[in-house]
Amino acid sequence: MKKKLAIIGAGIAGLTLANLIKKNSDFEFMLYEKQESLSLDEGYGIQLSPNCIKLLNLIGFGKINNDEIFHPKGVDFLNIKNKKICDLDLTQFNTKECKYTTLHRSTLIEFLKDDVYTQHLRFGKKIKEVSELKGKVLIKFDDNTNDLVDLVVGADGIFSNTRSFFEKKKNEPKFKKAIAIRTILKSKSEINIDDEKISLMLGKNCHLVFYPVNKDKEINLVCIIRDKKYEPENVKSLIEKVVSQNSNLETAFKGDLKSWPLYFTPKIIPSTNNKVFYIGDAFNGFLPTLAQGAGQSIESAYEFFNLIKNDKTDIHNTYFKERSKRAKLVRKRANLNFVAFHFSSSIMQAIRNFFMKFLVKRKSFISSYLGTIYRN
Ligand SMILES: Cc1cc2nc3c(=O)[nH]c(=O)nc-3n(C[C@H](O)[C@H](O)[C@H](O)COP(=O)(O)OP(=O)(O)OC[C@H]3O[C@@H](n4cnc5c(N)ncnc54)[C@H](O)[C@@H]3O)c2cc1C
19 MKKKLAIIGA GIAGLTLANL IKKNSDFEFM LYEKQESLSL DEGYGIQLSP NCIKLLNLIG
79 FGKINNDEIF HPKGVDFLNI KNKKICDLDL TQFNTKECKY TTLHRSTLIE FLKDDVYTQH
139 LRFGKKIKEV SELKGKVLIK FDDNTNDLVD LVVGADGIFS NTRSFFEKKK NEPKFKKAIA
199 IRTILKSKSE INIDDEKISL MLGKNCHLVF YPVNKDKEIN LVCIIRDKKY EPENVKSLIE
259 KVVSQNSNLE TAFKGDLKSW PLYFTPKIIP STNNKVFYIG DAFNGFLPTL AQGAGQSIES
319 AYEFFNLIKN DKTDIHNTYF KERSKRAKLV RKRANLNFVA FHFSSSIMQA IRNFFMKFLV
379 KRKSFISSYL GTIYRN
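What follows is the structure, given as structure tokens:
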């Protein structure tokens, strides 16, 4: 009999899974989103490494309008005064079909929603109660509708509410004592960066990432600043801490700014119900310092889909084993980058820069540090 799935949450993970099911299987499924619409916030860039472009190609990403994406050639590592430390060639990870790609998050969401929007997406849905019925899971939503399904997939982000219905043990995300500020640059003329590349500026307790998000080379900026508390009304004083290190950066923060606190999940905890799976940030929330959150959301959706499509036995344990192995690898690198990108002491910064210059030229190091992630 055909399996029926409920996917909870229409972010990158949930939408990717919906597309994989729709285009490559005959399972029945419905995507339940708590908001009344999809968040198509324009000014938020996203980087997608070749590992996830390979998977997105399975659902037709190759057909996306070329003007709406960009393939950065490399990464320039700079100090906060905009002086080059070293650079990394990103094209070494590319293949003809799978290139390192940057784009607006909204472009990705628009692409992912296209084939599932009308028939498979329901808005304003929040789980009220779950129970087991005839070997299936009965989900009741707070608008008094319900669904009886074989499998439930929690794709509802780092603060997953789905977990609270199925798990006794909480997997509370932790505040990393860092804040992210992002914007699209109003003008790039005063910031002297190579707009063919990703520019990573490393400062005292902060780092900035600039990259083009389309062929017009609109530049996205994400700035991560360490601070003990998140107070939205204090964002200006945080920016001052960055600008005091390089006054030319003031113009970078002239546009519409959005800020949010950075959370991560310290533990990777398995689902205790063999009919329930977690993908994306609901499985594990990473720090953004390897730009792999969306990539891992896409990978986790694919790994889960592949197991159910091939009707594998022991899907539950296999999924957790494979996913946690991969998540631990990515987490380790993202955590290490987080430390290295934010040294406050100038001596530590000098030592880091020395090692970066040395390591970035070592093929075996790059292949093991990044190749294992980007070429999966
Ligand atoms: C500063 C920053 C920069 C980043 N940059 C990058 C980058 O360059 N590249 C990259 O790969 N990743 C990046 N990421 C990470 C990436 O954005 C996330 O990891 C990714 O979006 C997670 O996708 P998701 O679908 O798992 O969760 P989410 O995007 O959080 O989506 C969850 C969905 O579930 C819905 N939902 C929540 N609760 C419920 C509920 N109770 N019922 C129903 N629906 C619910 C939400 O409304 C939402 O639509 C960045 C993150 C940060 C913080």
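Just so you know, we're using this note's numbering here: the sequence shown kicks off at 19 and counts up by one.
Note that the Cβ used here is the ideal one computed from N, Cα and C, for glycine as well.
Go through the region 197-251 residue by residue and report every complete run of the beta strand (DSSP E) that reaches 3 residues or more, in order. 216-221, 224-230, 237-244
Backbone CA spacing between threonine 283 and aspartate 132 [nearest angstrom]: 31 angstroms
Whole alpha helix (DSSP H) runs in the region 43-79 with 4 or more residues, listed along the chain? 68-74
Run the proximity test for glycine 27: is its beta-carbon closer than 7 angstroms to any non-hydrogen atom belonging to ligand 1? yes
Under the criterion of a Cβ to heavy atom distance below 7 angstroms, does glutamate 208 qualify as lining ligand 1? no
Apply the 10 Å Cβ neighbour rule to isoleucine 326 and answer buried if 16 or more other Cβ atoms are within range, or exposed otherwise. buried
Name the residue from Asn302, Gln65, Asn328 whose alpha carbon lies nearest to the alpha carbon of lysine 188. Asn302
Which residue's Cα is closest to the Cα of lysine 20: Ile39, Gly29, Asn100? Ile39
Give the C-beta separation of glutamate 184 and threonine 290 to the nearest angstrom, bearing in mind that I take them to be a contact with Cβ-Cβ under 8 angstroms. A small correction: the amino acid at residue 184 is phenylalanine; glutamate does not occupy that position in the sequence shown. Indeed they touch by this definition, with Cβ atoms about 7 angstroms apart.
Using 10 angstroms around the beta-carbon of glutamate 317, count the other beta-carbons present and answer buried if the total reaches 16, otherwise exposed. buried
Who are the near neighbours of proline 191 in its chain, counting only those whose CB is closer than 6 angstroms to its CB and skipping five residues on each side? Ile176, Tyr281, Thr283, Gly303
Tyrosine 11, enclosing alpha helix (DSSP H) - first and last residue: Any answer about residue 11 is impossible in this case: the structure gives the chain only from 19 up to 394.
What number of angstroms, rounded off, separates the C-alpha of valine 294 from the C-alpha of asparagine 37? 19 angstroms
Whether asparagine 266 touches glutamate 208 by CB criterion (8 angstroms): yes
Please name the residue or residues paired with arginine 140 in a DSSP beta bridge. Tyr50
In whole angstroms, give me the CA-to-CA distance for alanine 198 and asparagine 83. 29 angstroms
If you draw a straight line from the C-alpha of valine 155 to the C-alpha of lysine 41, how long is it? 25 angstroms
Enclosing alpha helix (DSSP H) for tyrosine 387 [first to last residue]: That residue, tyrosine 387, is in no alpha helix (DSSP H); it is neither H nor E in DSSP.
If the criterion is Cβ atoms closer than 8 angstroms, does the pair serine 8 and tyrosine 296 meet it? The structure shown does not extend to residue 8, since the chain is modelled only from 19 through 394, so no value can be given for it.
Is leucine 23 closer than 8 angstroms to glycine 313 when the C-beta atoms are compared? no
May I ask which residues mark the beginning and end of the beta strand (DSSP E) holding isoleucine 145? 145-151
Burial state of threonine 125, where buried means 16 or more other Cβ atoms lie within 10 Å: buried
Across the region 242-255 and the region 219-228, are there enough close Cβ pairs to call them in contact, namely three or more that are closer than 8 angstroms? yes
Quick one, are the C-beta atoms of lysine 206 and lysine 272 less than 8 angstroms apart? no
Kindly provide the ranges of any beta strand (DSSP E) runs that are 3 or more residues long and lie completely inside the region 82-118, ordered along the chain. 92-97, 102-107
Measuring only the C-alpha atoms, how far is threonine 336 from asparagine 324? 11 angstroms
Between aspartate 299 and ligand 1, is the CB less than 7 angstroms from at least one heavy atom? yes
Ends of the beta strand (DSSP E) at isoleucine 25? 22-26
Is phenylalanine 129 closer than 8 angstroms to glutamine 53 when the C-beta atoms are compared? no
So, at 6 angstroms on beta carbons, what are the nonlocal neighbours of tyrosine 248 in its own chain, with the 5 sequence-adjacent residues on each side left out? Ile197, Pro279
Residue(s) in a DSSP beta bridge with phenylalanine 295: Val171
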